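Working notes, beginning with the structure itself.
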Amino acid sequence: MRIEIGCNICSHDNSEENSSFVRYSRLCSVRDDGIYEFECPEGHRSTTVLLTPKHEVLFLIASNALLDGYLREAIASFAASLERFYEFVIRVICRSKSISQQDVEKCWKSVSKQSERQLGAFTILWFVEMGDPPDSLSNKMVELRNQVIHQGKVPSYEECIIFGKAVINVISPIERKMLDKFPDTHKDECFALSRSVRENHNQRLAMLSIDSPLSAAIQENTDLEISLEGLRLHRKILGMPSIASELMRATTVRHVPKEP
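Okay, so the sequence shown: first residue is 914 according to the numbering used here, each after it adds one.
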């Protein structure tokens, strides 16, 4: 998956002086650290920090994999998105308790390589904090994930859609409750990376957020298949046609209600 990174120096300087200007940008592969260095043809060097939480980035990677026809990779990235969401929730709640990041990192290190321990930590912490157990994947969806990741199963396009929707159905209610109870610490956790980068960079920083089918589902209840169609069109505009576009058109049918 690639995202568009622009020169924030050109955009900032020229927008203040001219009514029109050239904006330089390039498509960059997603980086694990969320930090993008860019040098435009004018010689400007700038740094862009991605504010979008990693679980949303992974969900977007899964969506792009699905459009490209990489079905096993789509399931794996949907599953990784859910696991990183659990970590995100844990960090937000710890931040709300004013627990130092050093202590959080020390504690997380003991479970960082074991997904079952992470799920257990999330489940207990959420129950203690909210009073109700969180939603989780059904046994059928867990079995599908395990078959794909551990047994080499090649899922169908329809199974990928079902699994992606199942992940949305787990994340959405938890995210909404978290935004309602921890709005400030939720925002602080999203900006944690940019604050860290700013401490080590003297040059101007740009902040970037990208939309994903997951955020669309949380904020607007947008169906996954509708979001995928919008993503396919966006990729086409950027010159990244979907390998699986014919498959998508062959399997996705939506009825448009007639005007009264």
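Quick reminder that beta carbons are idealized off the backbone N, C-alpha and C, glycines included.
Nothing here was measured: the structure is a model prediction, and the numbers come from that model.
Between Arg944 and the set Leu979, Glu955, Ile916 and Ser959, the nearest pair of CA atoms involves Ile916. Counting C-beta atoms within 10 angstroms of its own C-beta, Gly1077 has 16 or more neighbours from the protein chains shown and is therefore classed as buried. Note on Val970: 16 or more other CB atoms within 10 angstroms of its CB, so buried under the neighbour-count rule.
Among the bridge pairs identified by DSSP, Thr960 is matched with Glu950 and Leu1118. Of all C-beta pairs linking the segment 1087-1104 to the segment 994-1010, three or more are shorter than 8 angstroms, placing the two stretches in contact. The beta-bridge partner set that DSSP reports for Ser938 consists of Gly919.
Annotation: Trp1039 to Asn1059 spans about 25 angstroms, alpha carbon to alpha carbon. Secondary structure within the segment 1007-1095: the alpha helix (DSSP H) runs of 4 or more consecutive residues, fully enclosed, are 1014-1022, 1028-1043, 1052-1064 and 1070-1094 (chain order).
Sequence-distant Cβ neighbours of Asp1048 in its own chain, meaning closer than 8 angstroms and more than five residues away, are Asn1082, Val1083, Pro1086 and Ile1087. The beta carbon of Glu1072 sits closer than 7 angstroms to the beta carbons of Leu1057 from its chain, once the five residues preceding and following it are set aside; these are given in chain order.
Shown here, Ile1123 sits in coil according to DSSP, grouped into three states, outside any helix or strand. In this chain, the alpha helix (DSSP H) harbouring Gly1143 covers Leu1137 to Ile1150.
Bounds of the alpha helix (DSSP H) holding Asn977 are Lys967 to Leu980. Between Ile1123 and Leu979, the C-beta gap is not smaller than 8 angstroms, which leaves the two residues out of contact. When DSSP states are grouped into helix, strand and coil, Glu1102 belongs to the helix group. Going by beta carbons, Leu995 and Val1110 fall outside the 8 angstroms limit. Within the same chain, Thr1135 and Ser1140 come within 7 angstroms of Ala1129 by CB-CB distance, once the 5 residues on both sides are set aside. Nearest to Leu1118 by alpha-carbon distance, out of Ser1025, Ala992, Ser1125 and Ser959, is Ser959. For Thr961, same chain residues with a beta-carbon under 6 angstroms away, outside a window of 5 residues either side, are Ile918, Tyr949, Ala1119 and Leu1121 in chain order. When the beta-carbon positions are compared, Ser976 and Leu1144 come within less than 8 angstroms of each other. In this structure, the alpha-carbon of Lys1066 lies about 35 angstroms from that of Met1091. Ranked by how close their Cα comes to the Cα of Lys1094, the residues Met914, Ser1028, Leu1151 and Val1002 have Val1002 in first place.
When C-alpha distances from Ser1069 are compared across Ile988, Ile1012 and Phe1104, the shortest belongs to Ile988.
Ranked by Cα distance from Ser1051, the options Arg1030, Gln1031, Val1041 and Ile1075 are led by Ile1075. Ala992 is positioned such that its CB atom lies closer than 8 angstroms to that of Ile1062.
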